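For reference, the structure is listed below as structure tokens.
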Amino acid sequence: MTKKKKKEEDPKVHEELKGFKMEINSFGEISSSFPIDKINEFLNKNVEDKKLKDRDDLKES
846 MTKKKKKEED PKVHEELKGF KMEINSFGEI SSSFPIDKIN EFLNKNVEDK KLKDRDDLKE
906 S
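Position in the sequence shown counted from 1, then plus 845, gives you the working numbering.
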């Protein structure tokens, strides 16, 4: 039985993340084409943190 190879297509991503690639090597290390600070900045701006949304001690910015 032969396995079919998947076509390597670029996934649909947000405009700010064009060119973003993430890989896991054989040692389980994650490598990314973007610096982690840029990824965190994007996530902070675009994703609501469900754990922090009901906290009264944090001010909204």
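The beta carbon of each residue, even a glycine, is placed where N, CA and C say it ideally should be. On a predicted model such as this, the values are computed, not experimentally measured, just so you know.
With the cut-off set at 8 Å, would you say residue i and residue j are in Cβ contact?
| i | j | result |
| --- | --- | --- |
| residue 890 | residue 878 | no |
| residue 884 | residue 875 | no |
So what does residue i bridge to, in DSSP terms?
| i | result |
| --- | --- |
| residue 875 | 869 |
Please report how far the alpha carbon of residue i lies from the alpha carbon of residue j, in whole angstroms.
| i | j | result |
| --- | --- | --- |
| residue 896 | residue 886 | 18 Å |
| residue 881 | residue 860 | 17 Å |
| residue 862 | residue 856 | 11 Å |
| residue 892 | residue 871 | 30 Å |
I'd like the list of long-range same chain contacts for residue i, defined as Cβ closer than 7 Å, with 5 residues on each side in sequence excluded.
| i | result |
| --- | --- |
| residue 864 | 878 |
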